[in-house]
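Its first residue numbered 1, the sequence shown is counted upward by one per residue in my numbering. Here is the structure we will look at, set down as structure tokens.
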Amino acid sequence: MKELRHLNKYFYKYKWKLILGFIITIVARIFALYPVQFIGDSTNLIKNYVNEGMYSADEFQSQLSYYIMLIIGANLIAAFFTFLMRQTFIVVSRHMEYDLKNEVYEQYQRLSLNFYKKNRTGDLMNRISEDVSKVRMYLGPAIMYSVTTLTLFVVVIWYMVSTAPMLTLYTVAPLPILSFAIYKLSVAIHQRSTIVQQYLSKLNTFTQESFSGISVIKSYGLEPMTNNNFEELSNGSRDKNLDLVKVQAFFFPLMVLLIGVSNTLVIFIGGRQVISGEIENIGIIVEFLLYVNMLTWPVATVGWVTSIIQQAEASQARINEFLKEEPQIKNLQPENTPIEGEIEFRNVSFTYEDTNITALRNVSFKVKKGETLAIIGKTGSGKSTILELIGRLYDVEEGEILIDGKDVQDLNLDDLRNGIGYVPQDAFLFSDSIKNNIRFGKTNASDEEVIEAAKNASVHRNIVGFSKGYDTVLGERGITLSGGQKQRVSIARAIIHDPQILLLDDSLSAVDTETEEEILGNLFKISQYKTTILVSSRISSAKNADKIIILENGQIVQEGSHQQLIQATGYYKELYAKQLSEKEM
Numbered sequence: 001m002k003e004l005r006h007l008n009k010y011f012y013k014y015k016w017k018l019i020l021g022f023i024i025t026i027v028a029r030i031f032a033l034y035p036v037q038f039i040g041d042s043t044n045l046i047k048n049y050v051n052e053g054m055y056s057a058d059e060f061q062s063q064l065s066y067y068i069m070l071i072i073g074a075n076l077i078a079a080f081f082t083f084l085m086r087q088t089f090i091v092v093s094r095h096m097e098y099d100l101k102n103e104v105y106e107q108y109q110r111l112s113l114n115f116y117k118k119n120r121t122g123d124l125m126n127r128i129s130e131d132v133s134k135v136r137m138y139l140g141p142a143i144m145y146s147v148t149t150l151t152l153f154v155v156v157i158w159y160m161v162s163t164a165p166m167l168t169l170y171t172v173a174p175l176p177i178l179s180f181a182i183y184k185l186s187v188a189i190h191q192r193s194t195i196v197q198q199y200l201s202k203l204n205t206f207t208q209e210s211f212s213g214i215s216v217i218k219s220y221g222l223e224p225m226t227n228n229n230f231e232e233l234s235n236g237s238r239d240k241n242l243d244l245v246k247v248q249a250f251f252f253p254l255m256v257l258l259i260g261v262s263n264t265l266v267i268f269i270g271g272r273q274v275i276s277g278e279i280e281n282i283g284i285i286v287e288f289l290l291y292v293n294m295l296t297w298p299v300a301t302v303g304w305v306t307s308i309i310q311q312a313e314a315s316q317a318r319i320n321e322f323l324k325e326e327p328q329i330k331n332l333q334p335e336n337t338p339i340e341g342e343i344e345f346r347n348v349s350f351t352y353e354d355t356n357i358t359a360l361r362n363v364s365f366k367v368k369k370g371e372t373l374a375i376i377g378k379t380g381s382g383k384s385t386i387l388e389l390i391g392r393l394y395d396v397e398e399g400e401i402l403i404d405g406k407d408v409q410d411l412n413l414d415d416l417r418n419g420i421g422y423v424p425q426d427a428f429l430f431s432d433s434i435k436n437n438i439r440f441g442k443t444n445a446s447d448e449e450v451i452e453a454a455k456n457a458s459v460h461r462n463i464v465g466f467s468k469g470y471d472t473v474l475g476e477r478g479i480t481l482s483g484g485q486k487q488r489v490s491i492a493r494a495i496i497h498d499p500q501i502l503l504l505d506d507s508l509s510a511v512d513t514e515t516e517e518e519i520l521g522n523l524f525k526i527s528q529y530k531t532t533i534l535v536s537s538r539i540s541s542a543k544n545a546d547k548i549i550i551l552e553n554g555q556i557v558q559e560g561s562h563q564q565l566i567q568a569t570g571y572y573k574e575l576y577a578k579q580l581s582e583k584e585m
């Protein structure tokens, strides 16, 4: 139960609603007992009328009608309070589920990039959906049935003992056996359900990756292999589910068997006691039969609730595993620290933890506020790493990164990232309208601001060409758009954010040179007072920058202006000559 202690704060939050639920449950169970007593009294009435002629026909009919009305009335009241009980407990459990999902999601948002490199999306989704749903069963139905069982047992057993102690002993004798047997079943169910959840995570991960990479699967004709892999996972999941179902199949047959044993004992023992005169009213036998059936489900519920609790604990343990995870990147500065835009790297070295690849080695450079820095280098030279370090997606191991003369770790993390407009190499767009994707950079932006940002990113003409214009809803990851259009929408999103620092990670690679020049011209106009760092593989993108650095194997091998670099022997001059000849061809 220690894993479920994490939920105690939610019980405290909704304590008054839960207390109200407890009171309603007690009232509902008490009223549920009255119909049984009235049925017993009705049975005695019929016996006395038929066998002993104690009442006239009119008296009998009047008395019987009275009992019938009492039975109906008590059942209606019990049903009404049972409805309120379910509304209270189940609604509270839904509120707790909502809070827990939000807590998990907020934790996902806090965690650093390394966490997402180590964990698969399907497993993350399964923990916030399936695992939280298992926990909700503990927060709602398990508590509700536990309170119902406890209340019913106290009231019913007390009444049965006060009426016929010996018959009560024989009647309830099989019930502990039922509860113990179901408890043993629940242990087996817990073990198997944990395995089922693990397989479900694997299936979710596989299907999510397959759907995301469907274009690659189709391009390479991998459908048969993918189907075989999915079938193998599905078969494994099916087998584990069948193992679980086979154990669960014992539940109701066992319950029916022991109900039958209890009913048989009531009729046999109770009948002998009536014959011997130990019990005078035959209506008591009828009441006991009804009580046995009332008690059997709550007793069975003990095992079922135990199973729910065990499944919830297994799921909560998986959830806690992530909730206890501490983000590597923490906001160490609670005070606001506005960003101006000056950037300086001092002897920065960085190695990726997951791959152990050293991306930067002793890198130093400085960009003043309002300047533009272009970074050029081969694939894997560390260009993107520099941008990620500026936004503190990772923290450096050696050296310092200064923003406005302060160590980047001493800045308020929210202020830092709000002061940055970042266009990643792989442009990511959400399954929403184009307008809302651009507004992601500024949620309260007007339509005019959205259009102006799109014009500066040279994508306005494309957007108005769509049948629904800016209201066009994109497919997953923006699949509706071409690569160049996705990049330009991402640039518009960064522009509308109006940041002090603009980071462009090879974000013009999918557009033609004419469009590239148009976008760069617009960017240089709107970023005159902003610091811009432009990663590119094209000389045409970098030539107008105030400063250019060339990276090779994580080190700066050249730096200077365009004119200085084309006159010096090295990678930049070679790349310039190559791209110039390609343009002439």
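Beta carbons are placed, not taken as given, at the ideal position from N, Cα and C, and that holds for glycine. Since the structure is predicted, the reported quantities are computational estimates derived from the model, not experimental observations.
Selection from the options that minimises the alpha carbon distance to residue i
| i | options | result |
| --- | --- | --- |
| N44 | R29, D447 and L64 | L64 |
| R86 | A74, D99, Y66 and A28 | A28 |
| E517 | R538, P499 and H497 | R538 |
| S349 | T531, V367 and G382 | G382 |
| K134 | F115, K101, V147 and V156 | K101 |
| T337 | Q409, Q109, K118 and E287 | Q409 |
| Y105 | N126, L393, F466 and E209 | N126 |
| F365 | K118, N114, A32 and I548 | I548 |
| P174 | M255, L111, S210 and T205 | M255 |
| G469 | D432, I375 and G484 | D432 |
| K543 | L575, E353 and S527 | L575 |
| W16 | G40, T88 and L33 | T88 |
| I157 | T148, V147 and T168 | T168 |
| P253 | I182, V216 and L534 | I182 |
Where residue i falls, given that 16 or more other Cβ within 10 Å makes a residue buried
| i | result |
| --- | --- |
| M166 | exposed |
| V36 | buried |
| Y529 | exposed |
| N227 | exposed |
| A619 | Any property of residue 619 remains undetermined from this structure, which presents the chain solely from 1 to 585. |
| N266 | As written in the sequence, residue 266 is Val, which differs from the Asn given in the question. So V266 counts as buried. |
| I495 | buried |
| I376 | buried |
| D588 | Residue 588 lies beyond the range of the chain shown here (1 to 585); nothing can be said about it. |
| V450 | buried |
Euclidean distance between Cα positions of residue i and residue j
| i | j | result |
| --- | --- | --- |
| N347 | N362 | 4 Å |
| F322 | Q107 | 8 Å |
| T207 | L295 | 45 Å |
| L257 | L200 | 34 Å |
| N356 | E552 | 18 Å |
| L242 | G236 | 10 Å |
| I463 | S186 | 58 Å |
| Q579 | L565 | 15 Å |
| D131 | R120 | 15 Å |
| K525 | N456 | 10 Å |
| G260 | I269 | 14 Å |
| I329 | L387 | 15 Å |
| D506 | A142 | 54 Å |
| I501 | N522 | 16 Å |
| R238 | L222 | 24 Å |
| V92 | F22 | 12 Å |
| S315 | R136 | 10 Å |
| R94 | V247 | 29 Å |
| H497 | Q485 | 19 Å |
| F466 | H562 | 39 Å |
| V292 | I71 | 18 Å |
| G380 | L360 | 10 Å |
| N418 | R461 | 29 Å |
8 Å contact criterion, which residue i and residue j should meet: CB distance rounded
| i | j | result |
| --- | --- | --- |
| R493 | G441 | 4 Å |
| E335 | N412 | 6 Å |
| I434 | T472 | 5 Å |
| D123 | T194 | So it is not a contact: roughly 14 Å between Cβ atoms. |
| L4 | Y138 | 7 Å |
| V274 | K240 | No, V274 and K240 are not in contact; Cβ-Cβ is about 52 Å, not under 8 Å. |
| T171 | S262 | 6 Å |
4-residue-minimum alpha helix (DSSP H) runs that sit fully inside the stretch 500-530, ordered along the chain: Qualifying alpha helix (DSSP H) stretches, in chain order: 513-526.
Entirely enclosed beta strand (DSSP E) segments - the stretch 402-430, minimum 3 residues: Annotation note: the stretch 402-430 contains the following uninterrupted beta strand (DSSP E) runs of length 3 or greater, listed N- to C-terminal: 420-423.
Secondary structure, alpha helix (DSSP H): runs of 4+ residues fully inside the stretch 424-488: Residue ranges of uninterrupted alpha helix (DSSP H) with 4 or more members, entirely inside the stretch 424-488 and ordered along the chain, are 434-439, 447-456 and 460-464.
Length at least 4, wholly inside the stretch 240-279: the alpha helix (DSSP H) runs in chain order: Contiguous alpha helix (DSSP H) elements confined to the stretch 240-279 occur at 251-276, taking only those with 4 or more residues.
Alpha helix (DSSP H) segments (min. 4 residues) lying fully within the stretch 2-74: 8-13 and 15-51, all fully within the stretch 2-74.
4 or more residues per run - each alpha helix (DSSP H) lying fully within the stretch 331-389: Restricted to the stretch 331-389, not a single alpha helix (DSSP H) segment is unbroken, complete and at least 4 residues in length.
Those runs of the beta strand (DSSP E) which lie wholly inside the stretch 542-584 and span at least 3 residues: The qualifying runs are 547-552 and 555-560.
Ordered list of alpha helix (DSSP H) runs contained in the stretch 157-227, each at least 4 residues: You should have 165-172, 174-212 and 214-219.
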